[in-house]
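Chemist: Numbered per the UniProt record's numbering, the sequence shown spans residues 1 to 189. Shown below is the structure under consideration.
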Amino acid sequence: MKNNLYQYGLIGLGLLLAVFLFIRSRKKGGDNTDEANELEKAKPDIKLTGKTCAGRTPRGVRNNNPGNLRLTAEAWKGKVPNAINTDGDFEQFEEWVYGVRAMLKLLRNYIGSGHNTIAKIIRRYAPTTENSTNQYINTVVQRTRMGANQLLDRDDKTVMRKLVQEMAAVELGCHLVNDSEFNQAWNLL
């Protein structure tokens, strides 16, 4: 008899707890629809390009960030705000062209601040602590057919197109920035 009373007591306590939690949740907005809607609104709106490299979608493509630019406080045009960035390490952009533009703008800023050769740019952009910097330099030099220490003109559209396309190819693993996309990014500067 004592066991039955104990079991009924536990069941009753469990029911009271369930009713309490139910009432409490209703006071906070029921099923938290408002909170769910706010979270849904906070998701980044990234338009995927469908681009792939050998059947895979590189992180830079998923982020619309062909240069794999690190996450910063910089207010890039078309940037997904840091508060809703789902990557956590790299910038995310709403559209591919904004990622191309950010890379182009960053490289132009490097050149304007004295990092005006492929070697100087890549040593700053891809430090040896994270990359095979010399291999990166050699690859870009070979593909652009420009010298490692050749002075670059940040206002020369052809030079900047080659630099962006080939550095993005190293970052992504294949060529995914075409001339039209580069031109759109250039026109957004």
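Glycine is no exception: its CB is placed at the ideal position from the N, C-alpha and C atoms. Predicted, not measured: the structure shown is a model, and the values here were computed from it.
1) Quick check on Ile84: buried or exposed, where buried means 16 or more other Cβ atoms within 10 Å of its Cβ?
2) Would you identify the three-state DSSP class for Arg154, choosing helix, strand or coil?
3) From Arg123 to Thr133, what distance separates their C-alpha atoms?
4) Where does Thr128 land, buried or exposed, given buried means 16+ other C-beta within 10 angstroms?
5) Report the rounded CA-to-CA distance for Ala126 versus Tyr110, giving the unit in angstroms.
6) Opposite Lys79 in the DSSP bridges: which residues?
7) Mapping DSSP to helix, strand and coil, what is Arg161?
8) Alpha carbon to alpha carbon, how far is Asp87 from Gly114?
9) Whole angstroms are fine: how far does the CA of Thr52 sit from the CA of Gly60?
10) Counting only beta-carbon atoms, is Ala54 nearer than 9 Å to chain C?
11) If Lys162 and Trp186 are in contact, beta carbons under 8 Å, what's the gap, nearest whole angstrom?
12) Between the Cα of Cys174 and the Cα atoms of Ala102, Leu104 and Gly55, which residue gives the shortest distance?
13) Can you tell me which of the three DSSP states Arg145 falls into?
14) Within the continuous alpha helix (DSSP H) that includes Ala119, where are the two ends?
15) Keeping to the same chain, check which residues put their C-beta closer than 8 Å to that of Ile137; ignore five residues upstream and five downstream.
16) Can you tell me where the alpha helix (DSSP H) holding Glu181 begins and where it ends?
17) Buried or exposed for Pro66, going by 16 or more other Cβ atoms inside 10 Å?
18) Would you say the beta carbon of Asp153 comes nearer than 8 Å to a heavy atom of the ligand ZN?
Modeler: Straight from the coordinates:
1) It is exposed - the Cβ of Ile84 has fewer than 16 other Cβ atoms within 10 Å.
2) coil
3) One alpha carbon belongs to Arg123, the other to Thr133, and they sit about 6 Å apart.
4) The Cβ neighbour count for Thr128, taken over all protein chains shown within 10 Å, is under 16; the residue is labelled exposed.
5) 13 Å
6) Phe93
7) Helix, per DSSP.
8) 31 Å
9) 10 Å
10) Considering every chain present, this structure includes no chain C. It has just one protein chain.
11) Contact doesn't hold; Cβ gap of about 13 Å is too wide.
12) Gly55
13) coil
14) Ile118 to Tyr125
15) Same-chain partners within the cutoff: Ile118, Ala119, Ile122, Arg123 and Ala148.
16) DSSP places Glu181 inside the alpha helix (DSSP H), whose first and last residues are Asp179 to Asn187.
17) buried
18) The model on display carries no ligand, and the ligand ZN is accordingly not part of it.
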